[in-house]
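K.L.:
Residue numbers (the numbering used here): 407 to 771.
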(Lines of atoms letter the chains of each structure in order from A and count residues from 1; the text may use other names and numbers.)
(Lines give C-alpha, C1' and ligand atoms only; values in the text may rest on other atoms or scores of the structure.)
Protein backbone atom coordinates (compact mmCIF):
# COMPACT_ATOMS: atom_id res chain seq x y z
CA UNK A 1 0.00 0.00 0.00
CA UNK A 2 1.03 3.59 -0.55
CA UNK A 3 -0.62 6.96 -0.08
CA UNK A 4 -1.74 8.89 -3.14
CA UNK A 5 -3.95 11.82 -4.08
CA UNK A 6 -6.72 10.28 -6.17
CA UNK A 7 -8.83 12.43 -8.49
CA UNK A 8 -12.23 10.73 -8.49
CA UNK A 9 -14.17 13.35 -10.46
CA UNK A 10 -13.31 16.81 -11.84
CA UNK A 11 -12.51 19.01 -8.86
CA UNK A 12 -12.76 16.16 -6.35
CA UNK A 13 -9.46 14.80 -5.10
CA UNK A 14 -8.71 12.95 -1.87
CA UNK A 15 -5.66 11.39 -0.28
CA UNK A 16 -6.14 7.66 0.16
CA UNK A 17 -4.25 4.43 0.71
CA UNK A 18 -3.99 2.70 -2.67
CA UNK A 19 -2.66 -0.68 -3.68
CA UNK A 20 0.49 -0.43 -5.78
CA UNK A 21 1.28 -3.53 -7.79
CA UNK A 22 4.96 -4.49 -8.20
CA UNK A 23 6.85 -3.47 -11.33
CA UNK A 24 6.63 -5.81 -14.30
CA UNK A 25 9.32 -6.52 -16.88
CA UNK A 26 11.08 -3.31 -17.86
CA UNK A 27 9.45 -1.26 -15.09
CA UNK A 28 10.73 0.55 -12.01
CA UNK A 29 9.12 1.45 -8.69
CA UNK A 30 10.17 4.87 -7.44
CA UNK A 31 9.80 6.34 -3.97
CA UNK A 32 8.80 9.90 -4.81
CA UNK A 33 10.71 12.56 -2.89
CA UNK A 34 9.43 15.68 -4.67
CA UNK A 35 6.81 16.32 -7.35
CA UNK A 36 5.81 19.59 -8.97
CA UNK A 37 2.30 20.78 -9.78
CA UNK A 38 2.07 21.63 -13.46
CA UNK A 39 -0.54 23.77 -15.21
CA UNK A 40 -1.68 20.67 -17.08
CA UNK A 41 -2.34 18.99 -13.71
CA UNK A 42 -4.68 21.88 -12.90
CA UNK A 43 -6.44 21.46 -16.25
CA UNK A 44 -6.84 17.71 -15.65
CA UNK A 45 -8.01 18.35 -12.09
CA UNK A 46 -10.68 20.77 -13.32
CA UNK A 47 -11.85 18.50 -16.14
CA UNK A 48 -10.59 20.74 -18.94
CA UNK A 49 -8.37 18.12 -20.58
CA UNK A 50 -10.58 15.08 -20.09
CA UNK A 51 -8.33 12.80 -18.03
CA UNK A 52 -9.48 9.20 -17.59
CA UNK A 53 -10.70 8.80 -14.01
CA UNK A 54 -10.10 7.85 -11.30
CA UNK A 55 -6.49 8.94 -11.56
CA UNK A 56 -3.41 9.82 -9.59
CA UNK A 57 -2.14 12.97 -11.28
CA UNK A 58 1.44 14.28 -11.26
CA UNK A 59 4.18 13.86 -13.85
CA UNK A 60 7.06 16.09 -12.72
CA UNK A 61 9.08 14.30 -10.07
CA UNK A 62 12.31 12.93 -8.66
CA UNK A 63 12.96 10.20 -6.17
CA UNK A 64 14.76 6.97 -5.30
CA UNK A 65 14.42 3.57 -6.99
CA UNK A 66 12.61 1.26 -4.57
CA UNK A 67 12.27 -1.87 -6.74
CA UNK A 68 12.92 -3.01 -10.29
CA UNK A 69 11.25 -5.52 -12.58
CA UNK A 70 12.92 -8.09 -14.80
CA UNK A 71 15.38 -6.93 -17.48
CA UNK A 72 15.89 -3.50 -15.94
CA UNK A 73 19.54 -2.60 -16.53
CA UNK A 74 19.86 1.19 -16.42
CA UNK A 75 19.07 1.69 -12.71
CA UNK A 76 19.21 -0.28 -9.47
CA UNK A 77 17.51 -0.09 -6.09
CA UNK A 78 18.75 2.95 -4.20
CA UNK A 79 19.57 5.04 -7.28
CA UNK A 80 18.41 8.66 -7.34
CA UNK A 81 16.39 9.47 -10.47
CA UNK A 82 14.45 12.15 -12.33
CA UNK A 83 11.21 11.02 -13.95
CA UNK A 84 10.16 11.78 -17.50
CA UNK A 85 6.52 11.36 -18.48
CA UNK A 86 7.51 10.35 -21.99
CA UNK A 87 9.59 7.22 -22.61
CA UNK A 88 10.03 7.06 -26.41
CA UNK A 89 9.95 3.57 -27.90
CA UNK A 90 12.66 4.36 -30.45
CA UNK A 91 11.04 2.34 -33.22
CA UNK A 92 7.71 3.92 -34.23
CA UNK A 93 7.08 6.18 -37.23
CA UNK A 94 7.98 9.37 -35.36
CA UNK A 95 10.85 8.04 -33.27
CA UNK A 96 12.80 6.81 -36.31
CA UNK A 97 12.31 10.24 -37.89
CA UNK A 98 13.85 12.04 -34.95
CA UNK A 99 10.62 13.24 -33.30
CA UNK A 100 10.54 11.24 -30.05
CA UNK A 101 8.06 13.56 -28.32
CA UNK A 102 5.50 12.37 -30.88
CA UNK A 103 6.18 8.69 -30.08
CA UNK A 104 3.06 6.69 -30.92
CA UNK A 105 3.60 4.23 -28.06
CA UNK A 106 4.60 6.61 -25.28
CA UNK A 107 2.19 9.30 -26.45
CA UNK A 108 -0.74 6.91 -26.20
CA UNK A 109 0.25 5.93 -22.68
CA UNK A 110 0.79 9.53 -21.60
CA UNK A 111 -2.56 10.63 -22.99
CA UNK A 112 -4.41 7.60 -21.66
CA UNK A 113 -2.92 7.65 -18.18
CA UNK A 114 -1.42 4.16 -18.42
CA UNK A 115 1.93 2.45 -18.65
CA UNK A 116 3.26 1.33 -22.02
CA UNK A 117 1.22 -1.89 -22.03
CA UNK A 118 -2.04 0.00 -21.64
CA UNK A 119 -2.59 -0.95 -17.97
CA UNK A 120 -1.73 0.70 -14.65
CA UNK A 121 -0.21 -0.53 -11.39
CA UNK A 122 -2.54 1.39 -9.05
CA UNK A 123 -5.74 0.00 -7.53
CA UNK A 124 -8.32 1.49 -5.17
CA UNK A 125 -11.07 -0.76 -3.86
CA UNK A 126 -10.19 -3.30 -6.51
CA UNK A 127 -10.68 -0.73 -9.29
CA UNK A 128 -7.93 0.31 -11.69
CA UNK A 129 -6.67 3.86 -11.12
CA UNK A 130 -5.06 5.74 -14.01
CA UNK A 131 -1.60 7.24 -13.70
CA UNK A 132 -1.50 10.87 -14.79
CA UNK A 133 0.56 11.34 -17.97
CA UNK A 134 1.71 7.74 -17.57
CA UNK A 135 3.40 8.39 -14.20
CA UNK A 136 1.07 9.40 -11.34
CA UNK A 137 3.53 11.09 -8.99
CA UNK A 138 1.11 12.67 -6.51
CA UNK A 139 1.90 9.61 -4.43
CA UNK A 140 4.51 8.23 -2.06
CA UNK A 141 5.46 5.61 -4.67
CA UNK A 142 4.78 5.03 -8.36
CA UNK A 143 5.65 2.39 -10.96
CA UNK A 144 6.97 3.67 -14.29
CA UNK A 145 8.73 2.35 -17.43
CA UNK A 146 12.51 2.07 -17.17
CA UNK A 147 12.75 4.54 -20.05
CA UNK A 148 11.06 7.15 -17.87
CA UNK A 149 13.89 7.34 -15.32
CA UNK A 150 17.08 9.37 -15.69
CA UNK A 151 20.02 9.00 -13.31
CA UNK A 152 20.34 11.90 -10.88
CA UNK A 153 23.67 12.98 -9.38
CA UNK A 154 23.75 13.15 -5.60
CA UNK A 155 24.58 16.88 -5.72
CA UNK A 156 21.18 17.87 -7.14
CA UNK A 157 18.33 18.43 -4.64
CA UNK A 158 15.22 16.39 -5.34
CA UNK A 159 13.06 19.50 -5.62
CA UNK A 160 15.27 21.05 -8.28
CA UNK A 161 15.52 17.76 -10.12
CA UNK A 162 11.74 17.30 -10.15
CA UNK A 163 11.34 20.54 -12.11
CA UNK A 164 13.67 19.23 -14.80
CA UNK A 165 11.16 16.48 -15.48
CA UNK A 166 8.62 18.86 -17.00
CA UNK A 167 8.70 22.64 -16.43
CA UNK A 168 12.38 23.20 -17.12
CA UNK A 169 12.60 20.60 -19.87
CA UNK A 170 9.49 21.99 -21.60
CA UNK A 171 10.39 25.67 -21.45
CA UNK A 172 14.11 25.26 -22.09
CA UNK A 173 13.44 22.87 -24.95
CA UNK A 174 10.87 25.18 -26.52
CA UNK A 175 13.49 27.93 -26.72
CA UNK A 176 16.49 25.82 -27.69
CA UNK A 177 15.02 22.91 -29.64
CA UNK A 178 11.73 24.15 -31.10
CA UNK A 179 12.49 27.83 -31.66
CA UNK A 180 16.20 27.37 -32.21
CA UNK A 181 17.03 30.72 -30.61
CA UNK A 182 20.28 32.05 -32.05
CA UNK A 183 22.90 34.34 -30.45
CA UNK A 184 21.87 37.97 -30.73
CA UNK A 185 18.18 37.32 -31.36
CA UNK A 186 15.35 38.99 -29.49
CA UNK A 187 12.86 36.77 -27.64
CA UNK A 188 9.48 37.50 -26.07
CA UNK A 189 8.20 35.04 -23.48
CA UNK A 190 4.50 35.33 -22.70
CA UNK A 191 3.63 33.81 -19.33
CA UNK A 192 6.19 33.46 -16.53
CA UNK A 193 5.16 30.40 -14.59
CA UNK A 194 7.54 27.46 -14.32
CA UNK A 195 7.57 26.78 -18.07
CA UNK A 196 7.88 30.43 -19.07
CA UNK A 197 10.73 31.09 -16.64
CA UNK A 198 12.49 28.04 -18.05
CA UNK A 199 11.98 29.41 -21.57
CA UNK A 200 13.64 32.63 -20.40
CA UNK A 201 16.59 30.58 -19.19
CA UNK A 202 16.74 28.64 -22.44
CA UNK A 203 16.81 31.86 -24.42
CA UNK A 204 19.57 33.21 -22.18
CA UNK A 205 21.69 30.07 -22.52
CA UNK A 206 21.19 30.22 -26.31
CA UNK A 207 22.62 33.75 -26.37
CA UNK A 208 19.56 35.92 -26.95
CA UNK A 209 20.45 39.62 -26.73
CA UNK A 210 17.06 40.80 -25.50
CA UNK A 211 14.55 38.70 -23.58
CA UNK A 212 11.22 40.37 -22.87
CA UNK A 213 9.06 38.57 -20.30
CA UNK A 214 5.34 39.34 -20.15
CA UNK A 215 3.12 38.40 -17.20
CA UNK A 216 0.30 40.11 -15.31
CA UNK A 217 1.84 39.30 -11.92
CA UNK A 218 4.59 41.56 -10.58
CA UNK A 219 6.12 38.73 -8.55
CA UNK A 220 6.58 36.57 -11.62
CA UNK A 221 8.05 39.49 -13.55
CA UNK A 222 10.59 39.92 -10.75
CA UNK A 223 11.46 36.22 -11.01
CA UNK A 224 11.91 36.56 -14.77
CA UNK A 225 14.51 39.28 -14.23
CA UNK A 226 16.35 37.05 -11.76
CA UNK A 227 16.61 34.14 -14.22
CA UNK A 228 17.66 36.14 -17.28
CA UNK A 229 15.02 38.46 -18.72
CA UNK A 230 16.37 41.82 -19.84
CA UNK A 231 12.96 43.50 -19.79
CA UNK A 232 9.58 42.76 -18.24
CA UNK A 233 6.10 43.95 -19.13
CA UNK A 234 2.66 43.52 -17.61
CA UNK A 235 0.01 41.88 -19.74
CA UNK A 236 -2.67 44.13 -21.15
CA UNK A 237 -3.65 46.31 -24.11
CA UNK A 238 -0.28 48.04 -24.23
CA UNK A 239 1.87 44.90 -24.25
CA UNK A 240 2.11 44.59 -28.04
CA UNK A 241 3.14 48.23 -28.43
CA UNK A 242 5.79 47.86 -25.71
CA UNK A 243 7.20 44.62 -27.18
CA UNK A 244 7.62 46.33 -30.55
CA UNK A 245 9.18 49.38 -28.93
CA UNK A 246 11.79 47.14 -27.28
CA UNK A 247 12.55 45.29 -30.54
CA UNK A 248 13.22 48.02 -33.06
CA UNK A 249 9.56 48.58 -33.84
CA UNK A 250 9.27 45.25 -35.66
CA UNK A 251 8.52 42.66 -32.97
CA UNK A 252 10.63 39.86 -31.54
CA UNK A 253 12.60 37.37 -33.60
CA UNK A 254 11.09 34.60 -31.48
CA UNK A 255 7.89 34.56 -29.41
CA UNK A 256 7.37 31.77 -26.87
CA UNK A 257 3.81 31.49 -25.54
CA UNK A 258 3.82 29.65 -22.21
CA UNK A 259 0.54 30.59 -20.55
CA UNK A 260 -2.08 28.59 -22.42
CA UNK A 261 -4.76 31.29 -22.10
CA UNK A 262 -6.62 33.23 -24.78
CA UNK A 263 -4.94 36.59 -24.32
CA UNK A 264 -1.45 35.08 -24.42
CA UNK A 265 -2.16 33.10 -27.58
CA UNK A 266 -3.81 36.12 -29.19
CA UNK A 267 -0.72 38.25 -28.49
CA UNK A 268 1.82 35.69 -29.72
CA UNK A 269 1.65 36.10 -33.50
CA UNK A 270 1.40 39.94 -33.63
CA UNK A 271 4.33 40.14 -31.18
CA UNK A 272 6.67 38.44 -33.68
CA UNK A 273 8.43 40.47 -36.35
CA UNK A 274 7.89 39.78 -40.06
CA UNK A 275 9.79 36.56 -40.70
CA UNK A 276 9.68 35.74 -37.00
CA UNK A 277 9.00 32.45 -35.29
CA UNK A 278 6.17 31.72 -32.85
CA UNK A 279 6.20 28.67 -30.59
CA UNK A 280 3.09 27.73 -28.62
CA UNK A 281 3.83 25.81 -25.42
CA UNK A 282 1.01 26.49 -22.95
CA UNK A 283 -1.37 23.68 -22.00
CA UNK A 284 -4.59 25.51 -22.74
CA UNK A 285 -8.15 24.24 -22.60
CA UNK A 286 -9.73 23.04 -25.89
CA UNK A 287 -11.46 26.39 -26.40
CA UNK A 288 -8.14 28.30 -26.39
CA UNK A 289 -7.59 28.71 -30.12
CA UNK A 290 -5.24 30.57 -32.46
CA UNK A 291 -7.21 33.07 -34.54
CA UNK A 292 -5.04 34.82 -37.11
CA UNK A 293 -5.65 35.95 -40.67
CA UNK A 294 -3.89 33.40 -42.89
CA UNK A 295 -2.76 35.84 -45.58
CA UNK A 296 -2.21 39.15 -43.83
CA UNK A 297 -1.18 37.62 -40.51
CA UNK A 298 1.12 34.84 -41.73
CA UNK A 299 1.67 34.63 -45.49
CA UNK A 300 2.25 38.34 -46.12
CA UNK A 301 4.67 38.53 -43.19
CA UNK A 302 6.28 35.08 -43.62
CA UNK A 303 5.79 34.25 -39.97
CA UNK A 304 5.97 30.65 -38.83
CA UNK A 305 3.91 29.13 -36.01
CA UNK A 306 4.48 25.74 -34.40
CA UNK A 307 3.66 23.85 -31.26
CA UNK A 308 6.24 22.42 -28.90
CA UNK A 309 5.49 19.37 -26.77
CA UNK A 310 7.70 18.50 -23.82
CA UNK A 311 10.76 20.32 -25.11
CA UNK A 312 10.70 18.98 -28.70
CA UNK A 313 13.73 16.76 -28.15
CA UNK A 314 14.59 13.43 -26.60
CA UNK A 315 13.49 13.79 -22.96
CA UNK A 316 16.38 11.81 -21.45
CA UNK A 317 19.00 13.67 -23.50
CA UNK A 318 17.49 17.05 -22.65
CA UNK A 319 17.34 16.23 -18.92
CA UNK A 320 20.97 15.09 -19.01
CA UNK A 321 21.90 18.39 -20.68
CA UNK A 322 19.98 20.32 -18.04
CA UNK A 323 21.78 18.45 -15.27
CA UNK A 324 25.12 19.40 -16.83
CA UNK A 325 24.06 23.05 -17.15
CA UNK A 326 22.88 23.05 -13.54
CA UNK A 327 26.21 21.63 -12.39
CA UNK A 328 27.99 24.38 -14.32
CA UNK A 329 25.79 27.09 -12.79
CA UNK A 330 24.33 28.00 -16.18
CA UNK A 331 20.71 27.52 -15.07
CA UNK A 332 19.25 28.52 -11.72
CA UNK A 333 16.47 26.64 -9.97
CA UNK A 334 16.26 28.03 -6.42
CA UNK A 335 14.08 30.86 -7.71
CA UNK A 336 11.77 28.38 -9.43
CA UNK A 337 10.47 26.76 -6.22
CA UNK A 338 7.98 29.14 -4.64
CA UNK A 339 6.43 26.92 -1.96
CA UNK A 340 6.41 23.34 -0.69
CA UNK A 341 3.42 21.35 0.56
CA UNK A 342 2.82 17.95 2.13
CA UNK A 343 0.71 15.41 0.26
CA UNK A 344 -2.03 15.83 2.86
CA UNK A 345 -2.29 19.47 1.81
CA UNK A 346 -2.76 18.74 -1.91
CA UNK A 347 -6.06 20.69 -2.07
CA UNK A 348 -4.36 23.80 -0.68
CA UNK A 349 -1.48 23.30 -3.12
CA UNK A 350 -3.89 23.11 -6.07
CA UNK A 351 -5.58 26.34 -4.97
CA UNK A 352 -2.20 28.02 -4.54
CA UNK A 353 -1.17 27.11 -8.07
CA UNK A 354 -4.51 28.11 -9.57
CA UNK A 355 -4.05 31.59 -8.10
CA UNK A 356 -0.91 31.97 -10.22
CA UNK A 357 1.26 32.76 -7.22
CA UNK A 358 5.00 32.29 -7.63
CA UNK A 359 6.66 30.01 -10.13
CA UNK A 360 6.25 26.37 -9.05
CA UNK A 361 4.84 24.58 -6.03
CA UNK A 362 6.17 21.22 -4.91
CA UNK A 363 4.72 18.32 -2.97
CA UNK A 364 7.61 16.95 -0.91
CA UNK A 365 7.87 13.69 1.04
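Ideal placement from N, C-alpha and C gives every residue a C-beta, glycine not left out.
Roughly how far, in whole angstroms, is the beta-carbon of residue 678 from the beta-carbon of residue 709, given that I think they are within contact range, below 8 Å?
P.N.:
Right, the Cβ-Cβ distance comes to about 5 Å (below 8 Å), so this counts as a contact.
K.L.:
Under the rule that 16 or more other beta-carbon atoms within 10 Å means buried, what is residue 494, buried or exposed?
P.N.:
With 16 or more other Cβ atoms within 10 Å, it is buried.
K.L.:
Count the CB pairs spanning the segment 701-716 and the segment 679-688 that are closer than 8 Å, and state whether there are at least three.
P.N.:
The answer is yes - the segment 679-688 touches the segment 701-716, with three or more Cβ pairs under 8 Å.
K.L.:
Could you check which residue in 550, 597, 627 has the C-alpha nearest to that of residue 672?
P.N.:
Closest by alpha carbon: 597.
K.L.:
Which class does residue 432 belong to by DSSP, given the choice of helix, strand or coil?
P.N.:
Here residue 432 sits in coil by DSSP.
K.L.:
Quick one: grab the DSSP three-state call for residue 452.
P.N.:
Of the three classes helix, strand and coil, the one that applies to residue 452 here is coil, per DSSP.
K.L.:
Between residue 430 and the rest of its own chain, which residues show a CB-CB distance below 6 Å, the 5 nearest in sequence each way excluded?
P.N.:
Closer than 6 Å at the Cβ level, and outside the excluded window around residue 430, lie 475.
K.L.:
Would the beta-carbon of residue 558 fall within 8 Å of that of residue 567?
P.N.:
Going by C-beta atoms, residue 558 is nearer than 8 Å to residue 567.
K.L.:
Just curious, the beta strand (DSSP E) that residue 721 is in, first and last residue?
P.N.:
No beta strand (DSSP E) holds residue 721; the alpha helix (DSSP H) holding it covers 721-733.
K.L.:
From 508, 489, 655, 432, pick the residue whose C-alpha is nearest to that of residue 497; which is it?
P.N.:
The shortest C-alpha separation from residue 497 is found at 508.
K.L.:
Which residue or residues does DSSP assign as beta-bridge partners of residue 537?
P.N.:
Partner(s): 462.
K.L.:
State buried or exposed for residue 727, treating a residue as buried only when at least 16 other CB atoms are found within 10 Å of its CB.
P.N.:
Looking at its Cβ environment, which holds 16 or more other Cβ atoms inside 10 Å, residue 727 is buried.
K.L.:
Do residue 477 and residue 524 have their C-beta atoms closer together than 8 Å?
P.N.:
No, they are not a contact pair.
K.L.:
Between which residues of its own chain and residue 724 is the CB-CB distance below 8 Å, once the five residues before and five after are set aside?
P.N.:
So the list reads 575, 578, 579, 583, 717, once near-sequence residues are dropped.
K.L.:
Does the structure place the segment 625-637 close enough to the segment 653-661 that three or more beta carbon pairs sit under 8 Å?
P.N.:
With a cut-off of 8 Å, the segment 625-637 and the segment 653-661 do not count as touching, because too few Cβ pairs lie within range.
K.L.:
Shortest alpha-carbon distance to residue 692 belongs to which of 707, 668, 760?
P.N.:
Per the Cα distances, 668.
K.L.:
In this structure, what does DSSP give as the bridge partners for residue 637?
P.N.:
618.
K.L.:
Counting only the same chain and skipping the five closest in sequence on each side, list residues whose C-beta sits under 8 Å from that of residue 754.
P.N.:
747, listed in sequence order.
K.L.:
State buried or exposed for residue 531, treating a residue as buried only when at least 16 other CB atoms are found within 10 Å of its CB.
P.N.:
By the 10 Å Cβ count, residue 531 comes out exposed.
K.L.:
Counting pairs of beta carbons, one from the segment 732-748 and one from the segment 539-558, are three or more of them closer than 8 Å?
P.N.:
Verdict: no, contact absent.
K.L.:
Helix or strand or just coil, what does DSSP make of residue 682?
P.N.:
Note: residue 682 maps to strand in three-state DSSP.
K.L.:
Ordered along the chain, which non-local residues of its own chain (more than five positions away) have a Cβ less than 7 Å from that of residue 511?
P.N.:
Around residue 511: 495, 498, 522.
K.L.:
What residue range does the alpha helix (DSSP H) around residue 522 cover?
P.N.:
It is not in any alpha helix (DSSP H) - residue 522 carries neither H nor E in the DSSP assignment.
K.L.:
By the three-class DSSP mapping on this structure, what secondary structure does residue 648 have?
P.N.:
It is helical.
K.L.:
So the alpha helix (DSSP H) residue 701 belongs to, where does it begin and stop?
P.N.:
That residue, residue 701, is in no alpha helix (DSSP H); it is neither H nor E in DSSP.
K.L.:
Could you tell me if residue 615 is buried or exposed, where buried requires 16 or more neighbouring beta carbons within 10 angstroms of its beta carbon?
P.N.:
Exposed: under 16 other Cβ atoms inside 10 Å.
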